[in-house]
Amino acid sequence: MLSGSVTSKQSLTVWLLTDEKPGHRNQLLGLGERLQAVAGAQVELRSLQQMPISISDWLLKRAPDTGEQTCPDWVVGAGHRTHRSVLFSRRLFNAKSIVLMKPTLPLGWFDACIIPHHDNPPQRESVLATHGVLNTMTPRPHGRKADQGVILIGGESAHFTWHSERVVQQVTDICMAQPSLRWTLSTSRRTPDDFFPLLQQRNLLNLTLMAADQTPPGWVREQLESAVQVWVTRDSVSMVFESITAAAPTGLLALPAAKSSRVVNSMKDVIKQGWAMDFEHWNTRLPLPDNKQTLWESDRAARWLLQRFGVSL
60 MLSGSVTSKQ
70 SLTVWLLTDE
80 KPGHRNQLLG
90 LGERLQAVAG
100 AQVELRSLQQ
110 MPISISDWLL
120 KRAPDTGEQT
130 CPDWVVGAGH
140 RTHRSVLFSR
150 RLFNAKSIVL
160 MKPTLPLGWF
170 DACIIPHHDN
180 PPQRESVLAT
190 HGVLNTMTPR
200 PHGRKADQGV
210 ILIGGESAHF
220 TWHSERVVQQ
230 VTDICMAQPS
240 LRWTLSTSRR
250 TPDDFFPLLQ
260 QRNLLNLTLM
270 AADQTPPGWV
280 REQLESAVQV
290 WVTRDSVSMV
300 FESITAAAPT
310 GLLALPAAKS
320 SRVVNSMKDV
330 IKQGWAMDFE
340 HWNTRLPLPD
350 NKQTLWESDR
360 AARWLLQRFG
370 VSL
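Numbering of the sequence shown is given in this note's numbering, commencing with residue 60 and proceeding in unit increments.
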């Protein structure tokens, strides 16, 4: 876990600036944990409230009165609201400025940008293109429970057309095709209200249902680390990449594309690369295959930054 304080100035000191959105926070934590593990970095997660900035602070290069005693070497932001603070830190502390995801500000204003392929990042020395956004999962190809499967359900999105009946039928096919597995299904806040009643009518004895508000913190992570098979609806892009990163045998439930989009193309690429199987082209009586390729983008991003900025390991 990330440390809560900065101690030795002789080691790399990294501030992670968060706008408190869970997805952005998760990306920062994924990168921060790998910087700690690989380089022994002193990492601190900081909210925007800890970095109040005025125009006069910017012009005068004046640090806000936060009682700060240690200066960062790097400042990393995720979310557009953090970019001003990232740039201010660069100006005030001479820190390296790093952003996750494609910024609306010019790329050249930042020392490094880590951007998913589906956002079409330009090819330039200061940009690392990643498969999906960063996450906190660690590959765990071994030690999985042979009788445990998990199904993660998303819901309505701008990129795929949702059909509750169609998804229910796919879940039914999976559970009936492999009755020896104990399946657990969890929904999300986007799952339509009619989904659970339709699925309950199928009376699948080897399926346990859990609504999104029933899952405790860390539940999904535990499932992805231990399940021998994972099926995910392809609208849940972050969950798809977390499952792949965890090295869980992964399958994508079928949903028709609502339009041609970067997210739709990203899921097509996941299948093309062999990181996940497509429900429509898989025999559900067979277990999902192990992923032969490791995808660990948080680790790759951490090592890329360390090499780019000349940090000795």
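Every residue gets a Cβ at the ideal spot worked out from N, C-alpha and C, and that includes glycine.
- According to the DSSP assignment, W290 belongs to the beta strand (DSSP E) that extends over 286-292.
- Taking 8 angstroms as the upper bound for CB-CB distance, T195 and I173 are not in contact here, some 15 angstroms apart.
- Of all alpha-carbon atoms in Q288, H139, A271, the one lying nearest the alpha-carbon of Q207 is that of Q288.
- DSSP, read as helix, strand or coil, puts Q207 in strand.
- Residues of the same chain with a CB within less than 7 angstroms of the CB of R199, apart from the 5 flanking positions on each side, are E284, A305, A306 in chain order.
- Check the Cα spacing between I212 and each of V291, P346, R93, D358: the tightest is with V291.
- T220 and P131 have their C-alpha atoms spaced approximately 45 angstroms apart.
- G136 sits close to L76, with the two beta carbons spaced by under 8 angstroms.
- In this structure, P175 sits near V192, with a CB-CB distance shorter than 8 angstroms.
- S245: member of the beta strand (DSSP E) spanning 241-245, first to last residue.
- A residue is called buried once 16 or more other Cβ atoms fall within 10 Å of its Cβ, and K155 is buried on that count.
- A residue is called buried once 16 or more other Cβ atoms fall within 10 Å of its Cβ, and R150, having fewer, is exposed.
- Around the beta carbon of P308, 16 or more other beta carbons sit within 10 angstroms, so the residue counts as buried.
- Boundaries of the alpha helix (DSSP H) around C234: 223-236.
- Rounded to whole angstroms, the gap between the alpha carbons of P238 and N265 is 7 angstroms.
- A171: member of the beta strand (DSSP E) spanning 171-175, first to last residue.
- Exposure of G369 is indicated by the presence of fewer than 16 other C-beta atoms within 10 angstroms of its C-beta.
- Residue pairing for R362: DSSP places it in no beta bridge.
- Boundaries of the alpha helix (DSSP H) harbouring K327: 321-331, taken from the DSSP string.
- Per DSSP, T77 is one residue of the beta strand (DSSP E) stretching across 72-77.
- Of all alpha-carbon atoms in A361, W363, D349, the one lying nearest the alpha-carbon of A205 is that of D349.
- Look at S357 here: in three-state DSSP terms it is helix.
- No Cβ-Cβ contact shorter than 8 angstroms links A100 with V134.
- Sequence-distant partners of S216 (beyond 5 residues in either direction) whose C-beta falls short of 6 angstroms from its own C-beta, in its chain, are D294.
- The residues C172, in chain order, have a CB closer than 6 angstroms to that of L166 in the same chain once the five nearest residues on each side in sequence are set aside.
- According to the DSSP secondary-structure assignment, D337 is paired through a beta bridge with L311.
- Looking at the DSSP output, F219 bridges to A316.
- Sequence-distant Cβ neighbours of M298 in its own chain, meaning closer than 6 angstroms and more than five residues away, are L211, V291.
- Here M160 is not bridged, per DSSP, to any residue.
- The count of Cβ pairs closer than 8 angstroms, one atom from the stretch 267-276 and one from the stretch 236-256, reaches three, so the stretches are in contact.
- No Cβ-Cβ contact shorter than 8 angstroms links S302 with R93.
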